[in-house]
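Asks:
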Amino acid sequence: MKKLYLLILASLMLLPLSLLAQTDSEIAEVRLNAEKKTEKKTKKKKEKNPDGVRTGWTFGILPSVAFDADLGFQYGVLSNVYYFGDGSTYPDYMHSFYVEAAYTTKRYGLFRFCYDSKFLIPKHRFSFDATFIPDAMSDFLGYNGYQSVYNDNWRNSKKYSAEEGYKTRAFYKYKRNLLRIAADVSGPIKGKWKWATGIGLLGYWTGSVDIEMLNKGKKDTQKFLDKNHGNSKILPTDIEGLYEKYVKWNIIDSIEATGGIHPYLRAGFVYDSRNKQANASNGMYADAFFTYSAGFGNSAKFNNIKFNTVFQHYVPVYKDYITFAYRAGAQLLVAGNSPFYMDSYLNALYYQRVLYEAVGGANSVRGLIRNRVLADGFGYATAEFRFKVWKFNIKKEHFYIAFNPFCDMGIVLQPNILDKQTVIANIVRYDRGFYLADLDQYIIFDKRELYKPHFGAGIGMKIAMNENFILSVDWAMPIDKRDNASKANIYIKMGYLF
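Using my numbering, read the sequence shown as starting at 10 and increasing by one per residue.
1) Here's the rule: buried if 16 or more other CB atoms are within 10 angstroms of the residue's CB, otherwise exposed. What is P131?
2) Give every residue of the same chain whose Cβ lies closer than 6 Å to the Cβ of A390, excluding the five residues on either side of it in the sequence, and list them in chain order.
3) In the DSSP assignment, the beta strand (DSSP E) including N498 goes from what residue to what residue?
4) How would you call I501, buried or exposed, if buried means at least 16 neighbouring beta carbons within 10 angstroms?
5) Could you give the residue range of the beta strand (DSSP E) that holds W484?
6) Once you ignore the five residues that flank D144 on each side, which residues in its own chain have a CB closer than 8 Å to its CB?
7) Here's a check: name, in chain order, each residue in its chain whose Cβ is nearer than 7 Å to the Cβ of Y102, leaving out the five neighbours to either side.
8) If I'm right that K69 touches M470 with Cβ under 8 Å, what's the distance once you round it to whole angstroms?
9) With a cut-off of 8 Å on the beta carbons, I'd call F298 and L211 a contact; round off their distance for me.
10) What three-state label does DSSP hand P69 in the structure shown?
11) Can you tell me where the beta strand (DSSP E) with K471 in it begins and where it stops?
12) Indicate whether R375 and G465 have their beta-carbon atoms separated by less than 8 Å.
13) So, helix, strand or coil for K456, using DSSP?
14) What residues are listed by DSSP as bridge partners for F333?
15) Can you tell me which of the three DSSP states A145 falls into?
16) With M293 and V218 assumed to form a contact (beta carbons below 8 Å), what rounded beta-carbon distance in angstroms separates them?
17) Indicate whether the contact test is met: 3 or more Cβ pairs, each with one atom in the region 248-255 and one in the region 167-185, closer than 8 Å.
18) Compare the beta carbon distance of L274 and I208 with 8 Å and say whether it is the shorter of the two.
19) Measure the C-alpha to C-alpha separation of K6 and F149 and round it to an integer number of angstroms.
20) Could you compute how far the alpha carbon of Y327 sits from the alpha carbon of N312?
21) From the DSSP output, in three-state form, read off L364 for me.
22) Can you check which of these residues, Y152, F128 and K285, is closest to E458 by C-alpha distance?
23) Going along the chain, which residues of its own chain have a beta-carbon closer than 8 Å to the beta-carbon of S263, five neighbours each way excluded?
24) For M222, name the three-state secondary structure that DSSP assigns.
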């Protein structure tokens, strides 16, 4: 009996030690499991982004400084502020604020505020944009691409003298001030499919170039003469530009000649399987939407519906270091009439850049003169390789440098009407001093010129911070000299083209 008591007593004494040992074992096991989970999460994060993740707030800021003989000295600043939260969404941001303000001594400017977020409204993307762009010398090359003749000697004072045909640097220019206010929302449907809708307003104020304003402060002395050919830097006031010709010949009627206010509504669908928003290295993006634009007063004749679609594909060649990216898109007039100043405006669901104009220029077909193709409907395409050549960190910020050789294309799909007999009749009636024999120096009525594609090619360099703040420098040239007689063009913008 005593042995039994002793055995029970010993068991009771050892029980706490056994429980303690068991507890320590369980705690160790829990810790080990937690460490394994942490290691797995860390490993996944590193696999997703080998440079680590960015959390909290970050911003990039750049000065905006330039000089133009006609527009004067440009001064300003641009900044993009991002919020990444706890980093779980990196490289995509939770909130983005973009601000840019630049102006010149000759009244050319850019003033923009843009907010973009996928978290302000849960599971929805919301963006708001307010932009004002006063442009004293906007490009106007006529209608329908190659149907309109581009004479470089008429506007290039640095290359040609008056004896060689130089007229004025403002010949292919007109004044255009643009106000845009837009709010867009998109939400999930199923899988990668989303719906998208938006509301906004476009305000245009157009007219002839204000020559007196541009000449203000210039002196016609030897000190201010062009060094190459002796052409005065003062713009002549007695030479009509192409815009004035189009108005006089009633190709542009008096109602649309001064611009208009156009509120709009848009709606459509989006498919998005990209692995990230800025410079995707894998996946596809496609959208299709309709935009109804209204008009007030006399501009009511320009109520219209346009259809836009684009397909973008990002093909990984080597991890995220080498990507082949291409796109193809179109804008078509479905119903109503579109004024000339809106034919160059490329509708978009999201404004990755300040302004999308087509076809020609930094935001559509690089190398071509801006707005080289002006038509009711047009198509465009781009193919480029994107090489990330160097990744590095500065404190908490992640950087990379990349290069992207590219080829762009644009084409007329729905031409604006240029009827030879009507144009001649209007010239005879309204412009009696014009020699009809010279008309072929302005317009080629051969319809075979309508649908010839326009090409530009070049190479770009990108410097990116935290995947989203991307400074872009593109060098491009046209394949056909009829699109731009200059050897090459340089564009400094923010972000990739698409």
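The beta-carbon is built from N, C-alpha and C at its ideal position, and this holds for glycine as well.
Replies: Taking the coordinates as given:
1) Under this definition P131 is an exposed residue.
2) Taken in chain order, the residues that qualify are A337 and M418.
3) N498 -> beta strand (DSSP E) spans N498 to M503.
4) Under this definition I501 is an exposed residue.
5) Element bounds for W484: F478 to P487.
6) Hits under 8 Å: Y117, K184, R185, N186 and L187.
7) Around Y102: Y91, Y92, F93 and N477.
8) According to the sequence shown, residue 69 is Gly rather than Lys. Between M470 and G69 the Cβ distance is about 16 Å, and since that is not below 8 Å, they are no contact.
9) Contact between F298 and L211 is absent: CB atoms are separated by about 16 Å, not below the 8 Å threshold.
10) Checking the sequence shown, residue 69 turns out to be Gly, not Pro. Here G69 sits in strand by DSSP.
11) K471 -> beta strand (DSSP E) spans H463 to M474.
12) Taking 8 Å as the cut-off, the beta carbon of R375 is found closer than this to the beta carbon of G465.
13) Assignment of K456 by DSSP, reduced to helix, strand and coil, places it in the helix class.
14) DSSP, once it has assigned bridges, lists V324 and F394 as partnering F333.
15) Note: A145 maps to strand in three-state DSSP.
16) With a Cβ gap of about 43 Å, M293 and V218 do not count as contacting.
17) The answer is yes - the region 167-185 touches the region 248-255, with three or more Cβ pairs under 8 Å.
18) Taking 8 Å as the Cβ cut-off, L274 and I208 qualify as a contacting pair.
19) Outside the shown range of the chain, which is 10 to 507, sits residue 6, and nothing can be said about it.
20) Roughly 48 Å between the two C-alpha positions.
21) The answer is coil: DSSP assigns L364 none of H, G, I, E or B.
22) Measuring C-alpha to C-alpha distances from E458 to each of Y152, F128 and K285 identifies Y152 as the nearest.
23) Contacts found: V256.
24) In this structure, M222 counts as helix in the three-state DSSP scheme.
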